[in-house]
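Trainee: In order, the protein sequences belong to chains A and B.
Just so we're on the same page, the working numbering is the position in the first sequence counted from 1, plus 948.
Just so we're on the same page, the working numbering is the position in the second sequence counted from 1, plus 1.
Here a beta-carbon is modelled for each residue, glycine too, at the ideal position from N, C-alpha and C.
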Amino acid sequence: MTEQLRTRLRDAADGHTSGIQVPDLLHRAQVSKRRHRYAAGGATVLAAAVLVGGAMGARAALPENPDDTAPASPQPRAEESKWVVMDSANEKRVNDANIGVVRRIIDADNQYVVGKPSASCCGGGSESGEIGASLYFVWQHPGVPQSADPHARPIVQVSIANGWGGTLAECGSKPDDGNQCREVELPGGVVAKMIGTKGDDEHASYAYKQPDGTVIQLSMGMQYGGDAPKFRPDWDTEATYDWGISDRQIAAVLTAEELDPPLKQVRVVPGMSATDAKRALLQALGDDAATYRHKSGTDDDGTKLEGTFAGGGTLSVDLDEMTADLVPADGCQPDEPAVCEERTVDGQTVTTWSVLNQDPGNFQLVLVEGEQRRVYLSYYLPAGGQGALTLDELAQIAADAGWQR
Amino acid sequence: MTRSYDADFAAFATAAIPGLSKSAYLICGDWHRAEDAVQEALIKVYRAWPRVERRESLLAYTRRATVRVLIDGSRRPWRRETSTDDLPVRLVADETGGIDDRDEIVRALATLTPRRRACIVLRYFADLSIAETAETLRCAEGTVKRQTSDALRALRDQLDIELTETR
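#1: Could you tell me whether the Cβ of S58 of chain B comes closer than 8 Å to any Cβ of chain A?
#2: Under the assumption that A1343 of chain A contacts V1323 of chain A (Cβ atoms under 8 Å), give the Cβ distance between them as a whole number of angstroms.
#3: If the cut is a Cβ gap below 9 Å, which residues of chain A does T15 of chain B touch?
#4: Which residue comes first and which comes last in the alpha helix (DSSP H) that contains L43 of chain B?
#5: If we define contact as Cβ-Cβ less than 8 Å, is Y26 of chain B a contact residue for chain A?
#6: In three-state terms, what does DSSP make of R139 of chain B?
#7: Starting from Y1328 of chain A, trace the beta strand (DSSP E) in both directions and tell me its first and last residue.
#8: Below 9 Å between beta carbons is the criterion; list the residues of the region 956-967 of chain A that meet it against any residue of chain B, in chain order.
#9: For R1041 of chain A, count neighbouring Cβ atoms within 10 angstroms of its own Cβ and tell me buried if that reaches 16, exposed if not.
#10: Is the beta carbon of Q159 of chain B closer than 8 Å to that of R116 of chain B?
#11: Using a C-beta to C-beta distance shorter than 9 Å, which residues of chain A count as neighbours of E36 of chain B?
#12: Report the rounded CA-to-CA distance for E96 of chain B versus D104 of chain B, giving the unit in angstroms.
#13: Just to make sure I have the definition right: I need the residues of chain B whose C-beta is within less than 9 Å of the C-beta of R954 of chain A. Which are they?
#14: Just to confirm, is the Cβ distance from D1294 of chain A to A1346 of chain A under 8 Å?
#15: Under a Cβ-count criterion, where at least 16 other Cβ atoms within 10 Å of its own Cβ denotes burial, should Y26 of chain B be classed as buried or exposed?
#16: For a cutoff of 8 Å on Cβ pairs, would you count R1291 of chain A as touching chain B?
#17: Quick check: the Cα distance between G1161 of chain A and G1192 of chain A, rounded to an integer number of angstroms?
#18: Taking 7 Å as the limit between beta carbons, can you name the residues of its chain near F13 of chain B, skipping five residues before and five after?
#19: Q40 of chain B versus chain A: which residues are under 8 Å apart at the beta carbon?
#20: Comparing C-alpha positions only, which one of A:T1203, A:I1054, A:F1311, A:M1142 sits nearest to I1108 of chain A?
#21: Roughly how many whole angstroms lie between the Cα atoms of L973 of chain A and Y6 of chain B?
#22: Go to Q1312 of chain A, then tell me how far its beta strand (DSSP E) extends in each direction, as first and last residue.
#23: Suppose contacts are defined by Cβ-Cβ distances below 8 Å. Is E36 of chain B in contact with V70 of chain B by that definition?
#24: Should Q969 of chain A be labelled buried (16 or more other beta-carbon atoms within 10 Å of its own) or exposed?
#25: Taking 8 Å as the CB-CB limit, is L43 of chain B close to chain A?
#26: Quick one: what does DSSP say Y1240 of chain A is sitting in, helix, strand or coil?
#27: Output the distance between the C-alpha atoms of Y1084 of chain A and N1043 of chain A, rounded to the nearest integer angstrom.
#28: Please list, in chain order, the chain A residues whose beta carbon lies closer than 7 Å to that of I106 of chain B.
#29: From B:T63, B:I121, B:A38, pick the residue whose C-alpha is nearest to that of G967 of chain A; which is it?
#30: Name, in chain order, the residues that DSSP records as bridge partners for R1291 of chain A.
#31: In three-state DSSP terms, what is I968 of chain A?
#32: Residue range of the beta strand (DSSP E) that I1103 of chain A falls in?
#33: Can you tell which of B:C29, B:A17, B:I28, B:K23 has its C-alpha closest to the C-alpha of Y62 of chain B?
#34: Would you identify the three-state DSSP class for I1143 of chain A, choosing helix, strand or coil?
What follows is the structure, given as structure tokens:
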């Protein structure tokens, strides 16, 4: 009977006296009301302060007195930007190019690679916005009989990601419990992360972060399917682990600047509207996006889309199937680590938060309570990095009427 | 905002705070966060006071704002919530079992997602109907039924009480 549940809920909530003081609350409400007026009128000034003065470091603050602010300038139209979709055709082209680069380095004489290399996309730690693709080379060791089971053959895997989160767990994607790699120095002064020892383990893996943030990981000995049989003990040990890949070749793969993360990227190029940007985002994200859900488990009904930008940052779009007649915005609470403002874009109230100095990086949140849908953007930036999108562009995307159809 | 509005708001807030705070506590499991949410919701109500008064029940509006603050707050990256067995404040066991019971029910609620938790609290603590709960959570009645059913099933597994969904 649910009556027992009612009783226990009542019991659990009893015995506490609220500490809310109504006079204090009224004062806060009055201050909030004044700030709200200020935020709506002075949004442009504040946005400029956030983007220029406070960018990625300083924490700006809302003025206490709206009379102290400079007059608001007219709301500028967001500068047009052009987005290029990394669609499946482009993805294949980049994958093929990457495979060619790696193959020329590790098997120029076609001694080891069996069959046609393959590629997959996109694994890794999407929670941190870092996703990676992998290239697979089925490997034939000299002197070792080839297994009849294609899933039991050794492979060389090269992962290309836009951050450590997109790499294999051992060297970065699970820093709490998976970062077991040690540093090794390879020819040319290349200091890489490494796990396993070539020659005494079935698994050796090297990872390296290039200056532009691309992380390359080269692993040897992994087998298709993950649960494939391990190397047969009757194989000749020395021959089995003679991969034929020298440390110099490993360093060359890790530092190859031609390797690009061939992900579902959306690239920002001058000249395209916010509407096209939204289309590009949806197109780039494809069918996978429609089924993506919050990993935090806090929203059972929302749909989440996510895209990673070559210019920096990861944009997530959450759509809730809710009509909205609540007052917009969660309010700008002084104890929150965010600079908050409201603006009007194409007749819609857009609330933005700029959150700085967070771990792992900075992020900006944009909310529109539309008539049909609630649009909530989360734009994560790499720590200390500049994003590809400005706050104006984010506001334009969130306010796009297309989300409400 | 006139002085009359302020007085009306203060009177409304005084009456609404105890019940809203309890509901909020059961949803989030933390009195401090619950009261923060209630205050944040009431501040929103103050800002929208004229509009709200004309439109619907003030209490329903404020309850919806409170729940929204709690659920939205759990989605903010700097305050992301995950279901957990550990509550922010651990209560000390007593010999009568009363505190243990209170701890147990709140601990069990904490294992649910915020929306499911809200369904349980709104339906069985605030005594809202399915339609009112759906209105509060801004979702379909079918969603409330499904989430309530799922939540009851989860609670049944954890609590030593018999639970069946009532309409």
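Mentor: Considering the structure as presented:
#1: Here residue 58 of chain B corresponds to residue number 57 of the second sequence, with the count starting at 1. Chain A, which has no Cβ nearer than 8 Å to the Cβ of S58 of chain B, makes this no.
#2: Residue 1343 of chain A sits at position 395 when you count from the first residue of the first sequence. Residue 1323 of chain A sits at position 375 when you count from the first residue of the first sequence. 11 Å between Cβ atoms; not a contact.
#3: By one-based count along the second sequence, residue 15 of chain B stands at place 14. Here the neighbours are V970.
#4: Within the second sequence, numbered from 1, the residue matching residue 43 of chain B stands at position 42. Run containing L43 of chain B: 32-48, per the alpha helix (DSSP H) assignment.
#5: Mapped onto the second sequence, residue 26 of chain B falls at position 25. Interface residue, yes.
#6: Indexing the second sequence from 1 puts residue 139 of chain B at position 138. Coil, per DSSP.
#7: Stepping through the first sequence from its first residue, residue 1328 of chain A is reached at position 380. Residues 1322-1328.
#8: R956, L957, R958, D959, A960, A961, D962, G963, H964, T965, S966, G967
#9: As a working note, residue 1041 of chain A is residue 93 in the first sequence. R1041 of chain A is exposed by the Cβ-count criterion.
#10: By one-based count along the second sequence, residue 116 of chain B stands at place 115. By one-based count along the second sequence, residue 159 of chain B stands at place 158. The answer is no: Cβ separation not under 8 Å.
#11: For the purposes of this step, residue 36 of chain B is identified with residue 35 of the second sequence, where counting begins at 1. Those are S966, G967, I968, listed as they occur along chain A.
#12: In the second sequence, the residue the question calls residue 96 of chain B occupies position 95. In the second sequence, the residue the question calls residue 104 of chain B occupies position 103. Low local confidence applies: a pLDDT of 36 at E96 of chain B is under 50, so the model's placement there is unreliable, and no value is given.
#13: Residue mapping note: residue 954 of chain A aligns to position 6 of the first sequence, counting from 1. The contacting residues are Y125, F126, D128.
#14: Residue mapping note: residue 1294 of chain A aligns to position 346 of the first sequence, counting from 1. Residue mapping note: residue 1346 of chain A aligns to position 398 of the first sequence, counting from 1. In this structure, A1346 of chain A does not lie closer than 8 Å to D1294 of chain A by Cβ.
#15: Here residue 26 of chain B corresponds to residue number 25 of the second sequence, with the count starting at 1. Y26 of chain B comes out buried.
#16: Locating residue 1291 of chain A in the first sequence gives position 343, where the first residue counts as 1. It does not; no Cβ of chain B falls within 8 Å.
#17: By one-based count along the first sequence, residue 1161 of chain A stands at place 213. By one-based count along the first sequence, residue 1192 of chain A stands at place 244. Distance between the alpha carbons of G1161 of chain A and G1192 of chain A is about 28 Å.
#18: Residue mapping note: residue 13 of chain B aligns to position 12 of the second sequence, counting from 1. Cβ neighbours of F13 of chain B beyond the five flanking positions: L59.
#19: In the second sequence, the residue the question calls residue 40 of chain B occupies position 39. Residues of chain A passing the Cβ test: I968, L973, R976.
#20: Position 160 of the first sequence, counted from the start, is the residue given in the question as residue 1108 of chain A. Nearest of A:T1203, A:I1054, A:F1311, A:M1142 to I1108 of chain A, Cα basis: A:T1203.
#21: Stepping through the first sequence from its first residue, residue 973 of chain A is reached at position 25. Stepping through the second sequence from its first residue, residue 6 of chain B is reached at position 5. Cα to Cα, L973 of chain A sits roughly 14 Å from Y6 of chain B.
#22: The sequence position of residue 1312 of chain A within the first sequence is 364, counting from 1. It spans 1311-1317 - the beta strand (DSSP E) in which Q1312 of chain A sits, taken as one unbroken run.
#23: Against the second sequence, residue 36 of chain B aligns to sequence position 35. Against the second sequence, residue 70 of chain B aligns to sequence position 69. The answer is no: Cβ separation not under 8 Å.
#24: What you label residue 969 of chain A is simply residue 21 of the first sequence in a count that begins at 1. Exposed: under 16 other Cβ atoms inside 10 Å.
#25: In the second sequence, the residue the question calls residue 43 of chain B occupies position 42. Closer than 8 Å: yes.
#26: In the first sequence, the residue the question calls residue 1240 of chain A occupies position 292. The predicted model places Y1240 of chain A with a pLDDT of 31, which falls under 50 and marks its position as unreliable; any figure quoted below should be read in that light. The answer is coil: DSSP assigns Y1240 of chain A none of H, G, I, E or B.
#27: Along the first sequence, one-based indexing puts residue 1084 of chain A at 136. Along the first sequence, one-based indexing puts residue 1043 of chain A at 95. Straight-line Cα distance between these residues: approximately 11 Å.
#28: Taking the second sequence and counting its residues from 1, one reaches residue 106 of chain B at position 105. Chain A residues near I106 of chain B: R956, L957, A960.
#29: Working through the first sequence from its first residue, we reach residue 967 of chain A at position 19. Among B:T63, B:I121, B:A38, the Cα nearest to that of G967 of chain A is on B:A38.
#30: If you number the first sequence from 1, residue 1291 of chain A lands on position 343. DSSP, once it has assigned bridges, lists A:V1298 as partnering R1291 of chain A.
#31: Taking the first sequence and counting its residues from 1, the one referred to as residue 968 of chain A is at position 20. It is coil, neither helix nor strand.
#32: Here residue 1103 of chain A corresponds to residue number 155 of the first sequence, with the count starting at 1. Where I1103 of chain A is concerned, the enclosing beta strand (DSSP E) stretches over 1102-1109.
#33: Walking along the second sequence from the start, residue 62 of chain B turns up at place 61. Checking every option, the nearest Cα to that of Y62 of chain B belongs to B:A17.
#34: Residue mapping note: residue 1143 of chain A aligns to position 195 of the first sequence, counting from 1. It is a strand residue.
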